[in-house]
Structure formats: structure tokens, C-alpha cells
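Per my numbering, the sequence shown starts with residue 143, numbered consecutively. Glycine is no exception: its CB is placed at the ideal position from the N, C-alpha and C atoms. Being a predicted model, the structure only gives us computed values, none of them experimental. Notes for the one structure printed next.
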Amino acid sequence: MLSMYDNEQYFFEALKAGASGYVLKSVADRDLLEACRATMRGEPFLYPGAVTALIRDYLHRVKHGEALPDTILTPREEEVLKLVAEGYSTREIAKTLGISAKTVDRHRANILQNSVYETVWRSPATPSEPG
Numbered sequence: 143m144l145s146m147y148d149n150e151q152y153f154f155e156a157l158k159a160g161a162s163g164y165v166l167k168s169v170a171d172r173d174l175l176e177a178c179r180a181t182m183r184g185e186p187f188l189y190p191g192a193v194t195a196l197i198r199d200y201l202h203r204v205k206h207g208e209a210l211p212d213t214i215l216t217p218r219e220e221e222v223l224k225l226v227a228e229g230y231s232t233r234e235i236a237k238t239l240g241i242s243a244k245t246v247d248r249h250r251a252n253i254l255q256n257s258v259y260e261t262v263w264r265s266p267a268t269p270s271e272p273g
């Protein structure tokens with residue numbers, strides 16, 4: 143998603159809506175090409191401020207005692223992830239699982255968001271106990 147808003151709320155709403163990345167117009171000259179390349183490879187793209195927002199959200203959760211779930215992905219998201227890893231396109235995944243391409247895109251967005259959370263949550267540099 144290309145946005146003029148450097149705002150965490152817009153970023154999180156974009157992820158919820160199915161965006162697989164977030165690029166600010168103010169730095170599009172620097173980030174847009176890399177974001178397009180990442181998308182073509184089926185990879186997410188986040189600008190540094192988005193990563194900061196995810197870390198801040200994680201720290202807020204830790205501070206308020208929210209526990210890390212045993213599993214980050216739903217069973218359906220795990221199925222989608224497996225097919226993505228095997229090189230299936232969105233259309234092929236939709237056909238294989240009997241769901242719409244839009245639903246596949248939504249699962250991919252959830253996987254992106256949750257994988258970033260997983261990376262942050264499991265990071266050894268991040269405190270595991272609220273302090």
C-alpha cells in the first residue's frame with residue numbers, strides 16, 4: 143500500500159485489510175522499487191516506522207500482561223503458508239483450498255502481521271517478562 147499517512151493506525155488497518163506492505167509517499171523514491179520487488183517475490187515490505195510500530199505494540203502488550211499465544215497462525219493460515227512456500231500463486235491457493243483469492247490475500251496479510259509479531263515476541267533481545 144502506498145500511503146501519505148505515517149500513522150500507526152493507518153498501518154495496522156492496512157494490514158487488517160490485506161496489505162502485504164506499507165510504503166510512505168514521502169519516501170517512495172527510495173522504497174517503492176524495493177517494495178514492488180518484494181511483492182513480486184511474494185514477500186512483505188515494511189518501512190522502518192512500521193517495524194517500530196509493531197515493536198511498540200508488542201511492548202504495550204507485555205506491559206499489560208498479555209501472554210504470547212501457543213500458536214501464532216490459525217490452521218488455515220498454516221495451510222496457506224505451506225502453499226506459498228511451495229510456490230503456489232494466490233489463484234492456485236484459492237482453487238486448492240476452495241476459497242476466494244481475496245480470502246487468500248487476507249490470510250497472507252494475517253501471516254505477515256503475525257510473523258512480524260512472532261519475530262519480535264521470540265527475539266532474545268526482547269524481555270520475556272514485563273518489567
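Taken in chain order, the whole alpha helix (DSSP H) runs of length 4 or more contained in the segment 212-242 are 217-227 and 232-239. The C-alpha of Thr238 is placed about 30 Å away from the C-alpha of Phe153. Pairwise C-beta distances place the segment 196-209 out of contact with the segment 222-233, as fewer than three of them are shorter than 8 Å.
If you look at Val169, you'll find it isn't in any alpha helix (DSSP H); DSSP assigns it neither H nor E. In this structure, the beta-carbon distance from Leu225 to Ile253 does not fall below 8 Å.
DSSP, read as helix, strand or coil, puts Gly163 in strand. Here Leu188 is buried. Its C-beta has 16 or more other C-beta atoms within 10 Å. Annotation: Asp173 to Lys205 spans about 33 Å, alpha carbon to alpha carbon. Ala177 sits away from Ala251, with the two beta carbons spaced by 8 Å or more.
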